[in-house]
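Trainee: Before I ask anything, let me first share the structure, which is written out below as structure tokens.
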Amino acid sequence: MTPQQPPSDSTSRRSFVQLAIGWSVAALAAAASSGAAVRFLVPNVLYEPSLRFKAGKPDDFPDGSVTFLEDERVFIVRQGNTYRCLSAVCTHLGCTVGRSELGFHCPCHGSSFDEQGKVKGGPAPRALEWFMVTLSKDRHLLVDKNERVDAEKYLVL
Amino acid sequence: MKAWKWFEGSRVGRSVFRVGIPRSNLERAQAMVSSFLLHVQPAKVNRRTLRPATTLGLGLISLYLLGILTVTGILLMFYYVPATDRAYDAMKDLQYVVSAGLVIRNMHRWAAHLMVLFVMLHLCRVFYTGAYKRPREFNWLVGIALFLLTLGLSFTGYLLPWDQLAFWAITVGANIAAYAPVVGPELKFLILGGNSVGQEALIRFYTLHVIVLPALMAFMVSVHLWRVRKDGGLARPEEGADRLERIDVEHLPTNKSYGLMELTRSTSLQVGKNPEDEVFSWPHLVFREMLLLLAVIAVVLFLAVFWNAPLEEVANAIHPPNPAKAPWYFLGLQELVSYSAFWGGVVAPAVLVTALVMLPYLDRQAVGAGRWFARERRLANTVFTIFLIIAVVLTVIGSVFRGPNWGWVKPWAQPPAVTEGH
Ligand code: HEM
Ligand code: FES
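Each protein sequence line maps, in turn, to chains A and B.
Offset between the first sequence (1-based) and my numbering: plus 6.
Offset between the second sequence (1-based) and my numbering: plus 1469.
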């Protein structure tokens, strides 16, 4: 048995490199697998009503009407030859708002909104959202909930 | 009795129970050490541990409730189907068709509410007795994880009946999450597995509720109880662990070989313990624990037999109830959210949890551990009490003083006619 040598510079440097490589590989593996696991949990396909949908023919909505579409939770607002689409999802905590004399009213915690979706009272922090309305090739109103627009933006037919 | 004596003495009996019913002090110690279920606890405990006033048994009650929840929850799983078109029917079946289904569902629901309550009370007990102080800081952290897990389990379980209450409580809860800075909307999408509460959300909550969170809970509870043991049992006033801090190392007797070992916190050495204060766990501790278990089961059963867990109409995404309320333990938050969603829904809970996490590291002075409302801790106790009162007041307001449109109601007056928004 040779007596134990105190670790020389080169051996401690080697063990440092080994440690560094070992830990980096482990950290990388951990990061990659947790990243993959989180990504796995973000669904790529949704079976809920599409965010882009056909709301119906323009003439289905009488002049001056505000029509509630249940499945999509939106109102289609027609004035003359202009069309707009207003979200019925309260900006407070996501309840479905209904019509009121003022405009719209949320039953959950009493937020109220005017005809333009602006907050008139209650805890809602933001105005109701307006969505982009276009006309599809087969002349249906096409709403895209991914695309938010100003209240002043109309589809004119 | 004779038959039992014969069984205990038989080969099979001895192989199962080893010690049998202890008849001597030696056997009393052996009974604790040789049984898997009992060895979690020491063979002897301090007299203080047995006094109800020491812990009020709150941690133990939480543990028992967790046990009841596990058993009844597994039973419910035999009938429950996590599908939006079947979940509600499964609940109705449990209530009206399945034998004993109603009582088991009621037990699960009432035990869940009680568990949230008792975990909170246990947290308060640990605070007011200063039991989170060194060396128990880490167990306090484990406790906070348990508290959050308890809330998580209750919240995920809330959605499963798929009735109006469930649907809108989860909608409101998930939208509180959406106010988190930067990742809020993404977080909500991840929780719900989509943009709104639907089938994807149901299966997610179900998976979390029946396997992910219970598994984490089982692990953390094991760590928690193990730590209670490793930290030398329950926190005791000064003559216990705290005395170690004050031993001046220079004055330690050097002629004794265990002089330095006296400084260890290991449970094998009876450091700082007066043998006079120690009693055998069997039967003194075990008996009291079993008695408490019986009492907890009795109370839950009593509630379950006389009061039915609520089940409203089937979930309806178009007609929110007025008012839509989160589960009671979140109503304080919801009350805050009704003033400001960001401050109430994000900042307040974040600050609260951070403060709880940092507490044992900020409040480092050792005095006052193991005593209720120690005078030396007047400042800490006052601050905590103020927060507690605020939380209770907000919760009470949110629960009973808020009616339709989140407007003020007097709970003792006639319930106002609910006007639907549609
Ligand atoms: C699932 C929830 C929980 C269970 C089942 C549980 C169980 C227990 C049990 C059985 C004890 C023994 C003493 C007693 O009965 O009070 C204990 C002690 C303790 N718990 Fe918990 N607990 C839970 C949550 C918490 C929470 C939320 C905290 C605080 C944030 C906490 C912090 C502690 C500490 C520091 C001790 C040691 C107390 C002492 O030494 O006097 N636990 N726990
Ligand atoms: S969700 Fe509309 S006011 Fe709260």
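Glycine included, C-beta positions come from ideal geometry on N, C-alpha and C.
Keep in mind it's a predicted model, so treat the numbers as computed, not measured.
Check each residue's C-beta against every heavy atom of ligand 2 and list, in chain order, those closer than 5 angstroms.
Mentor: A:Cys96, A:His98, A:Leu99, A:Cys101, A:Cys112, A:Cys114, A:His115, A:Ser117
Trainee: In chain A, what lies closer than 9 angstroms to B:Glu1669 by C-beta?
Mentor: Pro49, Leu52, Tyr53, Glu54
Trainee: Give me, in chain order, the residues of the same chain whose beta-carbon lies closer than 6 angstroms to that of B:Leu1863; leave out the 5 immediate sequence neighbours on both sides.
Mentor: Gly1801, Glu1804
Trainee: Under 8 angstroms Cβ-Cβ, which residues of chain A neighbour B:Pro1604?
Mentor: In chain order: nothing, as chain A lies at least about 30 angstroms away.
Trainee: Distance cutoff 8 angstroms, beta carbons only. Does A:Thr102 sit that close to anything in chain B?
Mentor: yes
Trainee: Closest to A:Tyr160 by C-alpha separation, out of A:Pro129, A:Gln122, A:Lys143, A:Asn152, would be which residue?
Mentor: A:Gln122
Trainee: Excluding sequence positions up to five away, which residues of its chain have a Cβ less than 6 angstroms from the Cβ of A:Lys124?
Mentor: Ala133
Trainee: Quick check on A:His111: does DSSP put it in helix, strand or coil?
Mentor: strand
Trainee: Would A:Phe76 pass as an interface residue toward chain B - the criterion being a Cβ-Cβ separation below 8 angstroms?
Mentor: According to the sequence shown, residue 76 of chain A is Glu rather than Phe. Output row for A:Glu76: interface = yes.
Trainee: Within the same chain, show all residues whose beta-carbon is closer than 8 angstroms to that of A:Arg58, passing over the 5 residues directly before and after it, in chain order.
Mentor: Leu148, Val149, Asp150, Lys151, Asn152
Trainee: Would you kindly check if the distance between the Cβ of B:Phe1607 and the Cβ of B:Arg1705 is under 8 angstroms?
Mentor: no
Trainee: Between the stretch 1780-1802 of chain B and chain A, which residues of the former have a C-beta closer than 8 angstroms to a C-beta of the latter?
Mentor: Ala1786, Ile1787, His1788, Pro1789, Pro1790, Asn1791, Pro1792, Ala1793
Trainee: Among A:Cys101, A:Asp66, A:Lys60, which residue has its Cα nearest to the Cα of A:Lys143?
Mentor: The candidate whose alpha carbon is nearest that of A:Lys143 is A:Lys60.
Trainee: Determine the contact status of A:Ala68 and A:Arg90, defining contact as a CB-CB distance below 8 angstroms.
Mentor: The amino acid occupying residue 68 of chain A in the given sequence is Pro; Ala does not appear at that position. Against a cut-off of 8 angstroms, the Cβ pair of A:Arg90 and A:Pro68 comes out as no contact.
Trainee: Bridge partners of A:Gly127, per DSSP?
Mentor: A:Ser118
Trainee: Please confirm whether B:Val1806 has its beta-carbon closer than 8 angstroms to some beta-carbon of chain A.
Mentor: yes
Trainee: Hey, B:Glu1781 and B:Lys1513 are a contact pair by Cβ (cut 8 angstroms); roughly how many whole angstroms apart?
Mentor: Incorrect: roughly 52 angstroms between the Cβ atoms, too far for contact.
Trainee: Between B:Gly1528 and ligand 1, is there a pair consisting of the residue's CB and a ligand heavy atom that are separated by less than 7 angstroms?
Mentor: yes
Trainee: Could you check the C-alpha separation between A:Pro55 and A:Cys96 for me, to the nearest Å?
Mentor: 18 angstroms
Trainee: Compare the C-beta of A:Cys114 against all C-beta atoms of chain B and say whether one is closer than 8 angstroms.
Mentor: Yes, because at least one Cβ of chain B sits closer than 8 angstroms to the Cβ of A:Cys114.
Trainee: Between B:Val1861, B:Val1666, B:Ala1646, B:Val1869, which lies nearest to B:Lys1657 when the distance is taken from Cα to Cα?
Mentor: B:Ala1646
Trainee: Measuring alpha carbon to alpha carbon, tell me which residue in B:Leu1506, B:Ile1537, B:Pro1880, B:Thr1553 is nearest B:Leu1583.
Mentor: Taking the Cα of B:Leu1583 as reference, the smallest distance to any Cα among B:Leu1506, B:Ile1537, B:Pro1880, B:Thr1553 is reached at B:Ile1537.
Trainee: Return the Cβ separation of B:Trp1841 and B:Tyr1597 in integer angstroms, given the expectation that the two are a contact with Cβ distance under 8 angstroms.
Mentor: 6 angstroms
Trainee: Would you please verify whether the beta carbon of B:Gly1867 is less than 8 angstroms from any beta carbon of chain A?
Mentor: no
Trainee: Determine, using beta-carbon pairs with one atom in the stretch 1518-1531 of chain B and one in the stretch 1750-1762 of chain B, whether at least three such pairs fall under 8 angstroms.
Mentor: Between the stretch 1518-1531 of chain B and the stretch 1750-1762 of chain B there are three or more C-beta pairs closer than 8 angstroms, enough to call the two in contact.
Trainee: Could you check the C-alpha separation between B:Val1485 and B:Ser1503 for me, to the nearest Å?
Mentor: A direct Cα-Cα distance of roughly 10 angstroms separates B:Val1485 from B:Ser1503.
Trainee: Considering only residues of the same chain and omitting the five flanking positions on each side of B:Asn1850, which have a CB-CB separation below 7 angstroms?
Mentor: Tyr1597, Phe1842
Trainee: Put A:Gly104 into one of helix, strand or coil per three-state DSSP.
Mentor: strand
Trainee: Would you say B:Thr1523 faces chain A, with C-beta separation under 8 angstroms as the test?
Mentor: For B:Thr1523, the answer is no, since every Cβ of chain A falls outside 8 angstroms of its Cβ.
Trainee: Measure the beta-carbon distance from B:Asp1632 to B:Ala1784 and round it to whole angstroms, keeping in mind my assumption that it falls under 8 angstroms.
Mentor: 6 angstroms
Trainee: In whole angstroms, what separates the C-alpha of B:Tyr1798 from that of B:Leu1622?
Mentor: 12 angstroms
Trainee: What span of residues does the alpha helix (DSSP H) with B:Glu1758 cover, start to end?
Mentor: 1755-1775
Trainee: Taking only the alpha-carbon atoms, compute the straight-line gap between B:Ile1859 and B:Met1470 and give it to the nearest angstrom.
Mentor: Linking B:Ile1859 to B:Met1470 through their CA atoms gives a straight-line distance of about 56 angstroms.
Trainee: Let's test the definition: count the other Cβ atoms within 10 Å of the Cβ of B:Glu1655 and tell me whether it reaches 16, buried, or not, exposed.
Mentor: Looking at its Cβ environment, which holds fewer than 16 other Cβ atoms inside 10 Å, B:Glu1655 is exposed.
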